[in-house]
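Below: the structure, in structure tokens.
Residue numbers (my numbering): 300 to 431.
Now the structure itself:
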């Protein structure tokens, strides 16, 4: 399968539909946790540190404290549709990861140090927000 350009993941995400994740009973679209502050989201994420998570496409990952800082950083929030949507996604990260798929491989970014990087994985998962 041809690799997509490293910077095309946002555009590629717009191609996905709910059917790409399975039927409506398989798709985790409703959040199980609701938060309104960065501190609340941080506390929930800290409870996930070191716990293995497996995606639907069998990618295994563990959250680190460094990852939490990146997830709750200003640039990450700025890339989201809203602050509240971002906090909700962060608070439900374990469930989102469990339902995530990896439909395309992506190239490595030439602007980054890829010395010890074999592949980059971009995973996608649906999340209901404001009844959408």
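Here a beta-carbon is modelled for each residue, glycine too, at the ideal position from N, C-alpha and C.
The structure displayed is predicted, hence computed values, not measured ones.
Near residue 304, what residues of its chain come up, given a Cβ to Cβ distance below 7 angstroms and the 5 sequence neighbours on each side ignored?
For the purposes of this step, residue 304 is identified with residue 5 of the chain shown, where counting begins at 1. Around residue 304: 406.
For residue 373 and residue 314, the rounded distance between their alpha carbons:
Position 15 of the chain shown, counting from 1, holds the residue named residue 314. Position 74 of the chain shown, counting from 1, holds the residue named residue 373. So the alpha carbons of these two residues sit roughly 27 angstroms apart.
Beta-carbon contacts of residue 399 that lie in its chain and below 8 angstroms, excluding the five residues immediately before and after:
For the purposes of this step, residue 399 is taken as the residue at position 100 of the chain shown. Closer than 8 angstroms at Cβ, skipping near neighbours: 354, 355, 356, 358, 422, 423, 424.
Return the residue from the list 403, 346, 426, 431 that minimises the CA-CA distance to residue 418.
Taking the first residue of the chain shown as position 1, residue 418 is located at position 119. Of the candidates 403, 346, 426, 431, the one whose C-alpha sits nearest the C-alpha of residue 418 is 403.
Rounded separation between residue 316 and residue 331 - CA only
Residue numbering aside, residue 316 sits at position 17 when the chain shown is read from its first letter. Residue numbering aside, residue 331 sits at position 32 when the chain shown is read from its first letter. Roughly 21 angstroms separates the two Cα atoms.
Assess, as a yes-or-no matter, whether the region 332-349 is touched by the region 373-391 under the definition of 3 or more beta carbon pairs within less than 8 angstroms.
yes
Is residue 303 helix, strand or coil by DSSP?
Taking the chain shown and counting its residues from 1, one reaches residue 303 at position 4. Residue 303: strand per DSSP, three-state reduction.
Identity of the residue in 378, 366, 346, 397 nearest residue 352 by Cα
For the purposes of this step, residue 352 is taken as residue 53 along the chain shown, with counting starting at 1. When only C-alpha atoms are compared, the closest one is 397.
Neighbourhood of residue 308 by C-beta distance below 6 angstroms, restricted to the same chain and skipping five residues each side
Here residue 308 refers to the residue found at position 9 when the chain shown is read from its first residue. Counting only Cβ-Cβ distances below 6 angstroms, and skipping sequence neighbours, we find 421.
Applying the 10 Å Cβ sphere with the 16-neighbour rule, what's the burial state of residue 367?
Taking the first residue of the chain shown as 1, we reach residue 367 at position 68. Classification of residue 367: buried, given that the 10 Å Cβ count is 16 or more.
Measure from the alpha carbon of residue 302 to the alpha carbon of each residue in 335, 426, 401, then state which is nearest.
Reading the chain shown from its first residue, position 3 is the one you call residue 302. Closest option to residue 302, Cα to Cα, is 401.
When the distance is taken between beta carbons, is residue 376 closer than 9 angstroms to residue 363?
For the purposes of this step, residue 363 is identified with residue 64 of the chain shown, where counting begins at 1. For the purposes of this step, residue 376 is identified with residue 77 of the chain shown, where counting begins at 1. Contact: no.
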